[in-house]
Structure formats: C-alpha cells, structure tokens
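Q: Got a structure for you, written out below as structure tokens; questions coming shortly.
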Amino acid sequence: MEDFLEGYRGFLQSDGYKGYDTVLKGSKDIVHVGCLAHVR
206 MEDFLEGYRG
216 FLQSDGYKGY
226 DTVLKGSKDI
236 VHVGCLAHVR
C-alpha cells in the first residue's frame, strides 16, 4: 500500500482496520479519517 499512496496528499477514509495505522504512521501528508457506516 505504501507504493500506491506514494506522493499522495490529502484524506484517506477507511474502516477501522489497524493495518492502515502502520502504513500511515508518521505521514504528515495524509490524514486518516474513519468511516461512520458501521457506528452503532
């Protein structure tokens, strides 16, 4: 996924999968925002 997001700047909306946290750790250019589709 790092290759796919290389050079991207903006928001990444996703579910709560913890793997995204590892990929985005330390990124200043990508803001990870959650998906509210499954909020109860």
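Take the position in the sequence shown, starting the count at 1, then add 205; the result is the number in this note's numbering. All C-beta atoms, glycine included, are put in the ideal place defined by N, C-alpha and C. Note that the coordinates shown come from a computational prediction; the quantities given were computed from them, not determined experimentally.
For the alpha helix (DSSP H) containing G224, name the first residue and the last one.
A: Its alpha helix (DSSP H) spans residues 224 to 229.
Q: Taking only the alpha-carbon atoms, compute the straight-line gap between E211 and R245 and give it to the nearest angstrom.
A: Between E211 and R245, the C-alpha separation is close to 34 Å.
Q: Using only CA atoms, which one of V228, G221, G231 lies nearest to G239?
A: The option with the nearest alpha carbon to G239 is G221.
Q: Work out the CA separation of S219 and V228 for me, nearest whole Å.
A: For V228 and S219, the distance between alpha carbons rounds to 12 Å.
Q: Grouping DSSP H, G and I as helix and E and B as strand, with all else coil, what is L217?
A: Three-state DSSP puts L217 in a strand.
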